[in-house]
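*Asks:* A single structure is presented below for examination.
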Ligand SMILES: [Zn+2]
C-alpha cells in the first residue's frame, strides 16, 4: 500500500522550485531519530507532500519517493539515512494545513519542527516504562534492551524520585548517569509521583478506599493531595532532577490518579503535560487528547488472564488510531504470557507506526495548532 508523507521545508534553504530545477534530490541531512526512522519507512512510489514553512505555510507540490532509504553520505558520524525524491506535480493552488487535515486520508499527517530537511509520518506510539527507580534499574535496563531489539529506540521513562522512601534516586550516581545517557539518546525522563505510595487518611470514603487500595494497591499518591503538598513534591522532584542534569517536561501521577489540585500544582511547577489512563493533557494550552493506554495488571493469575484478553481486544479497537499508548510496568517482564503479548503488539506495529516520547508528541501537536492559526 502506498503511504503519504509530509516534508516541511524552509523555502530559503531548499524550495519546491529547487526540486523542480534539480529534477531529483537526495533528501539528506536528517539528524533526528524520529525523522530518520520515518525516512527508513519510505518506500519507492510513496507520495510526499512538499510543505513550505515560513511565510507561505502551505503545501506547494507533490513529490514521490524514487529511491528508499540508504546511508546518508553527508553524515560524518552516526547511523543516518537519506532517500531520493522527485517532483510529481506543482499544485495550481496552494493547500493549507487546515485543508490537509480536513481530508480524511490525510488528517493525521503531523509536522516536525526542523530547520533543514525533515520528514513526518502519520502514526505514532508512545511506550512508557513506569516506576523506574534505582531498585529496579537492572530490570528496566533489560526491558529497554528488548524494546530496542524490537525496533523501539525511544520511550518515556517514568522515574519515581524516592520510591517508597527507599532513598533519593538522584543520590544514586550510577542510576543518574544511566538516565542521562538514555536522555541523550532521545529517551524522555518523566516525573512519576514522589514516593509513589499514598498516605492513608482517616476520613476516607468507601469509593476512596476502593480506588486507592484495591484498584491501585495503595499507589495513588496524588489522588487527593492538597495543592500545597502536591506543589511541594512536584517542585522538589523537578529541582532534584534538574540539579542532576535531567530535563523533565511531564508529570504523571502514580496509577494515573491525579486530582484537580494536583494537576494545578503540576502546571504551576512549569511542567508541560500530564497523562491519565484515557487522556494526555497539554498543561499549557489545557487541551486534552483522548488516547487510551494499553496497560497490564499482573498481580495475580486471574488479573493476568483478564489483562491479556482485554488488551487483545483493546489493541484491535485502538489499532487504527493515529496515536497509541502502551504502558509497561517492570513486573510485566517477569510474566512470559504478558511480555510475549507486548512484544507481539510491537511487532504488529513495526513499519506502520513511529515510536516517540510524550514530550515530542506534545510538541508536535502544538505545532499543528500554531501552523493552523
Ligand atoms: Zn507507577
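In my numbering, the protein residues as written are 3 to 375.
Note that beta-carbon positions come from the ideal geometry of N, C-alpha and C, so glycine has one too.
A quick note: this is a predicted structure, and the numbers were derived from the prediction, not measured.
Under the criterion of a Cβ to heavy atom distance below 8 Å, does residue 252 qualify as lining ligand 2?
*Replies:* Among the ligands present in this structure, namely ligand 1, ligand 2 is not found.
*Asks:* How big is the Cα-Cα spacing for residue 140 and residue 294?
*Replies:* 28 Å
*Asks:* Express the C-alpha separation of residue 136 and residue 126 in angstroms, rounding to a whole number.
*Replies:* 29 Å
*Asks:* Output the boundary residues of the alpha helix (DSSP H) element that contains residue 290.
*Replies:* Annotation for residue 290: no alpha helix (DSSP H) segment contains it, though the beta strand (DSSP E) segment containing it runs 290 to 292.
*Asks:* If you measure from each CB to the nearest heavy atom of ligand 1 and keep those under 5 Å, what residues do you get, in chain order?
*Replies:* 132, 133, 256
*Asks:* What is the DSSP secondary structure of residue 114, counted as helix, strand or coil?
*Replies:* Because the pLDDT of residue 114 is 36, which lies under 50, any placement of that residue in the model is unreliable, and the number read from its coordinates should be weighed accordingly. The answer is coil: DSSP assigns residue 114 none of H, G, I, E or B.
*Asks:* Please report the distance separating the alpha-carbon of residue 120 from that of residue 356.
*Replies:* Confidence is the limiting factor: at residue 120 the pLDDT is only 48, short of 50, which leaves the residue's position unreliable, though a coordinate-based value still follows. Pairing residue 120 with residue 356, the inter-Cα distance amounts to about 15 Å.
*Asks:* DSSP three-state label for residue 250, please.
*Replies:* DSSP places residue 250 in coil when its eight states are reduced to three.
*Asks:* Which residues does DSSP pair with residue 63 in a beta bridge?
*Replies:* 52, 92
*Asks:* Is the Cβ-Cβ distance between residue 348 and residue 191 less than 9 Å?
*Replies:* Taking 9 Å as the Cβ cut-off, residue 348 and residue 191 do not qualify as a contacting pair.
*Asks:* Would DSSP call residue 167 helix, strand or coil?
*Replies:* helix
*Asks:* I need the DSSP call for residue 119, collapsed to helix, strand or coil.
*Replies:* The pLDDT assigned to residue 119 is 42, lower than 50, so where the model puts this residue is not dependable; a value taken from the coordinates is nonetheless given after this. Note: residue 119 maps to coil in three-state DSSP.
*Asks:* Could you check the C-alpha separation between residue 364 and residue 56 for me, to the nearest Å?
*Replies:* 21 Å
*Asks:* Three or more C-beta pairs closer than 8 Å, one from the stretch 243 to 250 and one from the stretch 160 to 180: is that the case here?
*Replies:* yes
*Asks:* For residue 275, which beta-bridge partners are listed by DSSP?
*Replies:* 252, 284
*Asks:* Is residue 330 closer than 9 Å to residue 131 when the C-beta atoms are compared?
*Replies:* It is a contact, given that the beta carbons lie within the stated cut-off.
*Asks:* Below 9 Å between beta carbons: does that hold for residue 328 and residue 344?
*Replies:* Yes; because the gap between Cβ atoms is below 9 Å, this pair is in contact.
*Asks:* Report yes or no: do the stretch 275 to 286 and the stretch 302 to 318 share at least 3 C-beta pairs separated by less than 8 Å?
*Replies:* No: the two stretches stay apart, fewer than three of their Cβ pairs being nearer than 8 Å.
*Asks:* Cutting at 7 Å between CB atoms, please list the residues of its own chain near residue 88, excluding the five before and the five after it.
*Replies:* 25, 26, 65, 66, 68
*Asks:* Does the Cβ-Cβ distance between residue 358 and residue 161 come in under 9 Å?
*Replies:* No.
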